[in-house]
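Participant: As you go down the protein sequences, you meet chains V and S in turn. Residue numbers 2 to 223, in my numbering, belong to the letters of the first sequence in order. Residue numbers 55 to 351, in my numbering, belong to the letters of the second sequence in order. Quick reminder that beta carbons are idealized off the backbone N, C-alpha and C, glycines included. The structure under discussion is supplied below as structure tokens; questions concerning it will follow.
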Amino acid sequence: MNGAWLTVLTRDLLQAYRRRSDIATTLFFFVIVSSLFPLGVGSDSAILSTIAPGVLWVAALLAGMISLSRLFAADFADGALEQMLLSPQPLSLLVSAKILAHWLVCGLPVVLLAPMIGLQYALPSEAIGILVVSLLLGTPALSLIGAIGAALTLGARGSGLLVALLVLPLYIPVLIFGSLAVSASQHGMSPQAHLSLLAAISLLAVVLAPLATAAALRISVE
Amino acid sequence: MSLKKIIFALGLIIAVSAAALIFFAHGLKYISVNVALLALGAVLMRQSAYFSDNFYQHASPQTFYPTAGRMIPWFAWLAVVFVIYGLYISFAIAPTDFQQGEAYRIIFVHVPAAWMSMVIYLAMAFWAGVGLALNSKLSAMMAQALAPTGAIFTLLALVTGSLWGKPMWGTYWVWDARLTSELILLFLYLGFMALQASIDEPRKADRAGALLALVGAVNIPIIYFSVKWWNTLHQGSSINMGAAPKMAATMFEGMILMALAFWMYTIAVALIRVRCIILERERNSGWVKELSLKDHA
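This is the structure:
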């Protein structure tokens, strides 16, 4: 069972490595979206550091969302997904490996890039630290919840736009606690409560989302 | 326990308790609500005659189609009567609020609409879950039929809320916890309808929609509390289950009557819509062809 999980994980990572430009697209999307706001709002560093937590979190949300279509689409097209459905290993386990690979490829780079964007938004170094921690705790939930949406819209018409409509409302708690944690630390308050809740959401999603995603895949592929 | 007996018993319980309340303690305070409940109980007892003893027979669209057709007028007329009486109480009998003036009267539409928006989502998730668990066509059709009505009530709650907000808060929209979670509820309804609409194969659309409705139902409390934490500016809830209502008895009465009217409306409209869905899905089956021949003759 562990073998199958590792195989799926390494396979997905290898595929991502061989198509490196795809990862770059997600990252540049994150960078471009968060660079647009200072151009629209103005370069006043007081305003920028006020809106930074929300803007960076929304940018991370959108970057996570646009990469969702890649989660199952290629495997669906070439039949690999069907083989996973037929395999004796539990589908939710294989799916959890795919989601982890997706987070490593699309979520983690955003987390690592965030301090640089935070500097552009004149965030104090302490807030940047909290931003990174909150993204580290929250982005797994984004990949996990997003996987349900990606699985449901597999093979549906206009699935790229549809997935936004399904998944973004479910992302709202993560957005709220993530940006609240950063702004709490900006105002000299403890971000611990928000970070704990973020971690709780992620843990809940780790348990439930692979099961729901597996059920959704069985509905979509058949 | 057959469906017939369950519905009859439900009607009997509602009717008897309403009658008891009319004769005893609180009866005179909320007399019109009790009369309305009495009528509802009587109608439910009458409705039970349309159901057969076999529960599973009603899971078939073919048997449910005529049953639904016979039930629609009853619920539609109840809705009309309750709306007329509820609006009469809301606008003519209920006293003017000493703080908010006449503008508060929009809550007679707003609060019941907000209740319905949440109740319908739960009902939708319930039918979706039943459809997923028992693989019954009709439950999924019920979920699909409820969604547009739920979305309409959510929109109605948002619009009436912002119309009330203008004179009270001085602005049409504030990012208050309850308004925001209502907006998110609207997004959830729209997502459900969009997903169902974009999958061509009906059974697949049913099951994908059902799973989404269940995921949404799990998320609603998380969303609600996160938004509540995020900000709250709204006044406290007007009706508290534990404490006595802080409003005049007639105001409460009007609100309950309007809620009952919205319930009846929802049932009637959902049944009409489910009949349309049945016809659309079963258009190639024999009994629908026979039905259409009968209609043309």
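(1) So, alanine 53 of chain V versus isoleucine 149 of chain V, is the Cβ gap smaller than 8 Å?
(2) Sort V:His188, V:Val175, V:Ala182, V:Leu171 by Cα distance to phenylalanine 246 of chain S and report the nearest one.
(3) Which residues of the stretch 76-95 of chain V have a Cβ closer than 9 Å to any Cβ of chain S? Give them in chain order.
(4) Could you work out which residue in V:Leu196, V:Ile118, V:Ser46 is closest to phenylalanine 31 of chain V when comparing CA atoms only?
(5) In angstroms, rounded to a whole number, what distance separates the CA positions of leucine 217 of chain S and isoleucine 161 of chain S?
(6) Within 8 Å (strictly less), CB to CB, does alanine 262 of chain S reach chain V?
(7) Is glycine 155 of chain S helix, strand or coil when you go by DSSP?
(8) Is there a C-beta anywhere in chain S that falls below 8 Å from the one on leucine 163 of chain V?
(9) When you compare the CB of leucine 181 of chain V with every CB in chain S, is at least one pair closer than 8 Å?
(10) So for tyrosine 67 of chain S, helix, strand or coil by DSSP?
(11) Under 7 Å, CB to CB, which of the residues in the stretch 165-179 of chain V have a partner in chain S?
(12) Could you round the C-beta distance between serine 180 of chain V and tryptophan 104 of chain V to whole angstroms and report it? I think they count as a contact, below 8 Å.
(13) For phenylalanine 180 of chain S, return the contacting residues in chain V, with the cut-off set at a CB-CB distance below 7 Å.
(14) Which word fits lysine 191 of chain S, buried or exposed, when buried means at least 16 other C-beta atoms lie within 10 angstroms of its C-beta?
(15) Can you give the Cα-Cα distance for glutamine 90 of chain V and glutamine 84 of chain V, rounded to whole angstroms?
(16) Just to make sure I have the definition right: I need the residues of chain V whose C-beta is within less than 7 Å of the C-beta of glycine 245 of chain S. Which are they?
(17) Tell whether a beta-carbon distance below 8 Å holds between phenylalanine 129 of chain S and isoleucine 332 of chain S.
(18) Could you tell me if threonine 8 of chain V is buried or exposed, where buried requires 16 or more neighbouring beta carbons within 10 angstroms of its beta carbon?
(19) Let me know the secondary structure DSSP gives proline 149 of chain S once reduced to three states.
(20) Does DSSP classify arginine 337 of chain S as helix, strand or coil?
(21) Hey, is the stretch 172-187 of chain S in contact with the stretch 196-209 of chain S, meaning 3+ C-beta pairs nearer than 8 Å?
(22) Tell me whether the beta-carbon of methionine 125 of chain S lies closer than 8 Å to the beta-carbon of valine 328 of chain S.
(23) For phenylalanine 136 of chain S, report the span of its alpha helix (DSSP H) as first-last.
(24) Grab me the residues of histidine 195 of chain V's own chain with a C-beta within less than 8 Å of its C-beta, minus the 5 sequence neighbours each way, in chain order.
(25) From valine 42 of chain V to leucine 10 of chain V, what distance separates their C-alpha atoms?
(26) Note the first and the last residue of the continuous alpha helix (DSSP H) segment covering valine 134 of chain V.
(27) Assign serine 234 of chain V to one of two classes, buried (16 or more other C-beta atoms within 10 Å of its C-beta) or exposed (fewer than that).
Facilitator: Looking at the coordinates:
(1) Counting from one through the first sequence, the residue named residue 53 of chain V turns up at place 52. Counting from one through the first sequence, the residue named residue 149 of chain V turns up at place 148. No, the Cβ-Cβ distance between alanine 53 of chain V and isoleucine 149 of chain V is not below 8 Å.
(2) What you label residue 246 of chain S is simply residue 192 of the second sequence in a count that begins at 1. Selected option, being the one with the closest Cα: V:Leu171.
(3) none
(4) Within the first sequence, the letter at position 30 stands for residue 31 of chain V. Residue V:Ile118 is the option with its Cα nearest to phenylalanine 31 of chain V.
(5) Counting from 1 along the second sequence, the entry for residue 217 of chain S is found at position 163. Counting from 1 along the second sequence, the entry for residue 161 of chain S is found at position 107. C-alpha separation (whole angstroms): 10 Å.
(6) Within the second sequence, the letter at position 208 stands for residue 262 of chain S. At least one chain V Cβ lies under 8 Å of alanine 262 of chain S.
(7) The residue labelled residue 155 of chain S in the question sits at position 101 within the second sequence. If DSSP states are grouped into helix, strand and coil, glycine 155 of chain S belongs with the strands.
(8) Walking along the first sequence from the start, residue 163 of chain V turns up at place 162. Answer yes: the Cβ-Cβ gap between leucine 163 of chain V and chain S drops below 8 Å somewhere.
(9) Indexing the first sequence from 1 puts residue 181 of chain V at position 180. Interface residue, yes.
(10) The sequence position of residue 67 of chain S within the second sequence is 13, counting from 1. The sequence as given places isoleucine at residue 67 of chain S; tyrosine does not occur at that position. Three-state DSSP puts isoleucine 67 of chain S in a helix.
(11) Leu166, Leu167, Pro170, Leu171, Ile173, Pro174, Ile177, Phe178
(12) Translated into the one-based positions of the first sequence, residue 180 of chain V becomes position 179. Translated into the one-based positions of the first sequence, residue 104 of chain V becomes position 103. 20 Å between Cβ atoms; not a contact.
(13) Walking along the second sequence from the start, residue 180 of chain S turns up at place 126. Here the premise fails: no neighbours, minimum Cβ distance about 18 Å.
(14) The residue you call residue 191 of chain S lines up with position 137 of the second sequence. Flag for lysine 191 of chain S reads buried.
(15) Within the first sequence, residue 90 of chain V is the residue found at index 89, counting from 1. Within the first sequence, residue 84 of chain V is the residue found at index 83, counting from 1. C-alpha separation (whole angstroms): 11 Å.
(16) Here residue 245 of chain S is taken as the residue at index 191 of the second sequence, counted from 1. Near glycine 245 of chain S (Cβ distances below 7 Å), the residues of chain V are Leu166, Leu167, Pro170.
(17) In the second sequence, the residue the question calls residue 129 of chain S occupies position 75. In the second sequence, the residue the question calls residue 332 of chain S occupies position 278. No, these two residues do not count as a Cβ contact at 8 Å.
(18) By 1-based counting over the first sequence, the position of residue 8 of chain V is 7. Exposed, since its Cβ has fewer than 16 Cβ neighbours within 10 Å.
(19) Taking the second sequence and counting its residues from 1, the one referred to as residue 149 of chain S is at position 95. If DSSP states are grouped into helix, strand and coil, proline 149 of chain S belongs with coil.
(20) Locating residue 337 of chain S in the second sequence gives position 283, where the first residue counts as 1. DSSP places arginine 337 of chain S in coil when its eight states are reduced to three.
(21) yes
(22) Within the second sequence, numbered from 1, the residue matching residue 125 of chain S stands at position 71. Within the second sequence, numbered from 1, the residue matching residue 328 of chain S stands at position 274. No, they are not a contact pair.
(23) Position 82 of the second sequence holds residue 136 of chain S. Start and end: 115-142.
(24) Along the first sequence, read from residue 1 onward, the residue named residue 195 of chain V stands at position 194. Within the same chain, histidine 195 of chain V has close Cβ partners Ser135, Phe178, Gly179, Leu181, Ala182, Ala185.
(25) The count along the first sequence starts at 1 and reaches residue 42 of chain V at position 41. The count along the first sequence starts at 1 and reaches residue 10 of chain V at position 9. Approximately 41 Å between the Cα atoms of the pair.
(26) Locating residue 134 of chain V in the first sequence gives position 133, where the first residue counts as 1. That run of the alpha helix (DSSP H) goes 126-153.
(27) Because chain V here runs from 2 to 223, residue 234 of chain V falls outside it and cannot be looked at.
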